[in-house]
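Worksheet: the structure to be examined is printed underneath.
There are 2 protein chains.
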Amino acid sequence: MPRTTKDSVLNERALHLFKTLVERYIVDGQPVGSRTLARDAGLDVSPATVRHIMADLEAWGLIRSPHTSAGRMPTVQGYRLFVDTLLTLQELNANEVNRISSEFDCKQDVASLLQTASTMLSNITHLAGVVMLPRTEQKSLRRVEFMRLSGDQVLVILVVNDNEVQNRIIRTARPYSPAELQEAANYLNQSFSGKDLQSVRAAIVKEMQEVHADVNRMMQAVIEMAEKAFAADDRPHDYVLAGQTNLMEIADLSDLEKLKKLFEAFGQKRDILHLLDQAIQARGLQIFIGEESGYEVLDECSVVTSPYTVGDQVVGVLGVIGPTRMAYERVIPIVDVTAKVLGAALNSRH
Amino acid sequence: MPRTTKDSVLNERALHLFKTLVERYIVDGQPVGSRTLARDAGLDVSPATVRHIMADLEAWGLIRSPHTSAGRMPTVQGYRLFVDTLLTLQELNANEVNRISSEFDCKQDVASLLQTASTMLSNITHLAGVVMLPRTEQKSLRRVEFMRLSGDQVLVILVVNDNEVQNRIIRTARPYSPAELQEAANYLNQSFSGKDLQSVRAAIVKEMQEVHADVNRMMQAVIEMAEKAFAADDRPHDYVLAGQTNLMEIADLSDLEKLKKLFEAFGQKRDILHLLDQAIQARGLQIFIGEESGYEVLDECSVVTSPYTVGDQVVGVLGVIGPTRMAYERVIPIVDVTAKVLGAALNSRH
DNA sequence: ATTTAGCACTCTCGGCATGCGAGTGCAAAA
DNA sequence: TTTTGCACTCGCATGCCGAGAGTGCTAAAT
Numbered sequence: 000m001p002r003t004t005k006d007s008v009l010n011e012r013a014l015h016l017f018k019t020l021v022e023r024y025i026v027d028g029q030p031v032g033s034r035t036l037a038r039d040a041g042l043d044v045s046p047a048t049v050r051h052i053m054a055d056l057e058a059w060g061l062i063r064s065p066h067t068s069a070g071r072m073p074t075v076q077g078y079r080l081f082v083d084t085l086l087t088l089q090e091l092n093a094n095e096v097n098r099i100s101s102e103f104d105c106k107q108d109v110a111s112l113l114q115t116a117s118t119m120l121s122n123i124t125h126l127a128g129v130v131m132l133p134r135t136e137q138k139s140l141r142r143v144e145f146m147r148l149s150g151d152q153v154l155v156i157l158v159v160n161d162n163e164v165q166n167r168i169i170r171t172a173r174p175y176s177p178a179e180l181q182e183a184a185n186y187l188n189q190s191f192s193g194k195d196l197q198s199v200r201a202a203i204v205k206e207m208q209e210v211h212a213d214v215n216r217m218m219q220a221v222i223e224m225a226e227k228a229f230a231a232d233d234r235p236h237d238y239v240l241a242g243q244t245n246l247m248e249i250a251d252l253s254d255l256e257k258l259k260k261l262f263e264a265f266g267q268k269r270d271i272l273h274l275l276d277q278a279i280q281a282r283g284l285q286i287f288i289g290e291e292s293g294y295e296v297l298d299e300c301s302v303v304t305s306p307y308t309v310g311d312q313v314v315g316v317l318g319v320i321g322p323t324r325m326a327y328e329r330v331i332p333i334v335d336v337t338a339k340v341l342g343a344a345l346n347s348r349h
Numbered sequence: 000m001p002r003t004t005k006d007s008v009l010n011e012r013a014l015h016l017f018k019t020l021v022e023r024y025i026v027d028g029q030p031v032g033s034r035t036l037a038r039d040a041g042l043d044v045s046p047a048t049v050r051h052i053m054a055d056l057e058a059w060g061l062i063r064s065p066h067t068s069a070g071r072m073p074t075v076q077g078y079r080l081f082v083d084t085l086l087t088l089q090e091l092n093a094n095e096v097n098r099i100s101s102e103f104d105c106k107q108d109v110a111s112l113l114q115t116a117s118t119m120l121s122n123i124t125h126l127a128g129v130v131m132l133p134r135t136e137q138k139s140l141r142r143v144e145f146m147r148l149s150g151d152q153v154l155v156i157l158v159v160n161d162n163e164v165q166n167r168i169i170r171t172a173r174p175y176s177p178a179e180l181q182e183a184a185n186y187l188n189q190s191f192s193g194k195d196l197q198s199v200r201a202a203i204v205k206e207m208q209e210v211h212a213d214v215n216r217m218m219q220a221v222i223e224m225a226e227k228a229f230a231a232d233d234r235p236h237d238y239v240l241a242g243q244t245n246l247m248e249i250a251d252l253s254d255l256e257k258l259k260k261l262f263e264a265f266g267q268k269r270d271i272l273h274l275l276d277q278a279i280q281a282r283g284l285q286i287f288i289g290e291e292s293g294y295e296v297l298d299e300c301s302v303v304t305s306p307y308t309v310g311d312q313v314v315g316v317l318g319v320i321g322p323t324r325m326a327y328e329r330v331i332p333i334v335d336v337t338a339k340v341l342g343a344a345l346n347s348r349h
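Protein sequences, first through last, are from chains A and B.
Just so we're aligned: 100 in numbering that gives the first Met the number 0 is position 101 of the first sequence, and the numbers increase by one with no gaps anywhere.
Just so we're aligned: 193 in numbering that gives the first Met the number 0 is position 194 of the second sequence, and the numbers increase by one with no gaps anywhere.
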């Protein structure tokens, strides 16, 4: 009886051949034929045998050929298996890690740290690097200041976390005098300085509900403004992208049409942000291969991400975007290390 | 005697044919042959006559053919002549102008105004839009605030122009107490509130030179900090780019290699900024055609720019970047109007 | 039962000739 | 000065051919 479909088992040898095939395909991008594979695998079997096994692998959905009489290349499921169970990572040595972390040392502010991380990812991997802005949950209020602009507009300046300044413009129900504003600020600074921004907001909301008409005019002003000023800091997520142009010279994506769609997605940011949001939930290195991501523009891409932490809070995620045919064994450690180093750098500047 | 090179004169008819040729080339991108041109020009002459004239135009360096037996297309000099003296602009009607300016109405802050302008330019023209950030010369100080961070680091918060907040971190010669900082801020606010930032700086530098040892400790502190805090706001210029992807589907630039170089230049920002800087000097609508710009990456591109003003101060420049073969007669009015509308929008928010 | 060798078959790709269409330039006629 | 006629040049699409690479199947060998 011929080994038709899946009556065969994926034994050691088949997996070894599969792994060799993927590795080979990743380095030179050509579908791999039986002869090449037989030679590469170092197994001392004939191409004919390899052909049999390749037929099995194809039946298992791990490889496919673009057309008759071309070699085979991995399917998405194939990459998945490869990445999950067969990959031998090329860990970075201490030297390389040092070179990476030294890049961060001279940077001052958060923005340039992120920029550096993104650029570095793209430079080392020759792919596109992406770093999502940190969502700091812990923002401790250091000082608040109100300044009247015109009519009912008030400029609010919040100093948080020792060295970060936020400012927003709010509209108030009625115009307040500078004196009133000063007093309101004083009250808030006294009561809440050093407190977490979230809890300040909570306290204010609570106070709003408790005190009704029996509150004096001043207190009303304070509460009204504070409520608006501390409204959740929900500016949309954002990311820093570097080295998109690297993707332009990758043969797999050379279809201008697709490339354009991809670049537009980078510009829109929406889809990419959704994906990064998913990745951040995962609390660990995450790999999206081809269509797995669920976004059509990323059909021919893989995304390798890792969250980065400050303290032990996950605050953001970074990674690289490249063709499905990427050197995972190199890229994964790089993303991993970069996330750790960025986390450390952010931590020390805190 | 045959009309060999430049013994012929560029008469009315020759110019008319040339103009027709350019217009035709701009719409369909194909080299224009004598037959087509004879038909298009509406002149009732035979293709042969047109051929003679085309030979003249070629001798004058206005057109060239990519190879024997292809039609002719404009040279850079040809475009220059066309743009300078032959172009019939397609002015926008009031309706379109309104549609443009209404886009700006709902925007709050400067950043989103610029973003809107850039996006709009790219949407209307189907090219890349670029808007340089305004360099406001007139920054009147409204309020200054110092806040001690750690050791010799001081956070400076400057409120300028009614609603813009700048903050910088400076290092001082010695640690100052909160009280000292407060006093310094008070002094500066009293003396300089409402003054222009430049002149504040000048006054401080002057004071530094005049008063030496006979100044009290307090005054020294004030001067030291102020000098640093008001150091010229020389963050590098920057711009907002939109619709780069439009450039990807333009046949003229379909060379991936060139396109990559161009996109990298967009990322680096350096060359583009230099060019915009030149454009801002020019005080008026400016067109760089192909190699005229002097930047190799822009060899196959044209850039149409116009400065925009607040009050009657030129504060920035905006424009579009596209292939040399662009619809100048449409693009020029669009850039022009957008610059005016953006200026007006910035003005009203001032 | 597995592995190997042999073989016919399929598909891609580069090179090559060919013909067509578009356009030119020149010389002679109008 | 303009037009006509004509020979000539390219670029480009088409079709053909052969080389190369790889497959699947069958039959033989281990």
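We put the beta carbon where it would ideally sit given N, CA and C, even for glycine.
For residue i, I'd like the list of residues in its chain whose CB is within less than 8 Å of its CB, leaving aside the five on either flank, ordered along the chain.
| i | result |
| --- | --- |
| residue 330/A | 124, 126, 303, 319, 321 |
| residue 426/A | No answer is possible for residue 426/A: the residues shown for chain A start at 0 and end at 349. |
| residue 81/A | 17, 18, 21, 73, 327 |
| residue 29/A | 70 |
| residue 75/A | 288, 289, 290, 291, 323 |
| residue 282/B | 306, 313 |
Distance, Cα to Cα, residue i vs residue j?
| i | j | result |
| --- | --- | --- |
| residue 347/A | residue 99/B | 48 Å |
| residue 86/A | residue 242/A | 26 Å |
| residue 259/A | residue 227/A | 41 Å |
| residue 219/B | residue 138/B | 25 Å |
| residue 354/B | residue 23/B | No statement about residue 354/B is possible, as the shown extent of chain B runs from 0 to 349 and does not include it. |
| residue 336/B | residue 315/B | 15 Å |
| residue 290/A | residue 263/A | 18 Å |
| residue 396/A | residue 255/B | Given a span of 0 to 349 for chain A in the structure shown, any question on residue 396/A remains unanswerable. |
| residue 352/B | residue 154/B | In the structure as shown, chain B starts at 0 and stops at 349, and residue 352/B therefore has no counterpart that could be examined. |
| residue 164/B | residue 110/B | 13 Å |
| residue 143/B | residue 188/B | 6 Å |
| residue 0/B | residue 52/B | Low confidence applies to residue 0/B: its pLDDT is 34, below 50, so where it sits in the model is not reliable, and the reading given next is rough at best. C-alpha separation (whole angstroms): 16 Å. |
| residue 267/B | residue 115/A | 14 Å |
| residue 170/A | residue 206/A | 20 Å |
| residue 221/B | residue 186/B | 8 Å |
| residue 104/B | residue 117/B | 15 Å |
Under 8 Å between beta-carbons, which chain A residues line up against residue i? List them in chain order, please.
| i | result |
| --- | --- |
| residue 154/B | 158, 162, 164 |
| residue 253/B | 255 |
How would you list, in chain order, the residues of chain B whose beta-carbon sits under 9 Å from the beta-carbon of residue i?
| i | result |
| --- | --- |
| residue 266/A | 241, 242, 243, 244 |
For residue i, go through chain A and note every residue whose CB falls closer than 7 Å to its CB, in chain order.
| i | result |
| --- | --- |
| residue 263/B | 244 |
| residue 168/B | 162 |
What would DSSP say about residue i, mapped onto helix, strand or coil?
| i | result |
| --- | --- |
| residue 338/A | helix |
| residue 117/B | helix |
| residue 333/B | helix |
| residue 249/A | coil |
| residue 170/A | strand |
| residue 190/A | helix |
| residue 19/B | helix |
| residue 75/A | helix |
| residue 32/A | coil |
For a contact defined as C-beta to C-beta under 8 Å, what are the partners of residue i on chain B?
| i | result |
| --- | --- |
| residue 247/A | 255, 258, 259, 262 |
For a contact defined as C-beta to C-beta under 7 Å, what are the partners of residue i on chain B?
| i | result |
| --- | --- |
| residue 320/A | Those do not exist, as residue 320/A stays about 15 Å from chain B at its closest Cβ, beyond 7 Å. |
| residue 146/A | 142, 158 |
Go through its chain and collect everything with a Cβ distance to residue i's Cβ below 7 Å, but skip five positions before and after it.
| i | result |
| --- | --- |
| residue 229/B | 196, 199, 200, 203 |
| residue 56/A | 13, 17, 62 |
message: Would the stretch 62 to 72 of chain A count as touching the stretch 17 to 32 of chain A if we require 3 or more Cβ pairs under 8 Å?
response: By the Cβ test, the stretch 62 to 72 of chain A is in contact with the stretch 17 to 32 of chain A, since at least three Cβ pairs between them sit closer than 8 Å.
message: Any contact between the stretch 334 to 344 of chain B and the stretch 151 to 170 of chain B? By contact I mean 3 or more CB pairs, one from each, below 8 Å.
response: Two segments are said to touch when three or more pairs of C-beta atoms, one from each, lie closer than 8 Å; by this definition the stretch 334 to 344 of chain B does not touch the stretch 151 to 170 of chain B.
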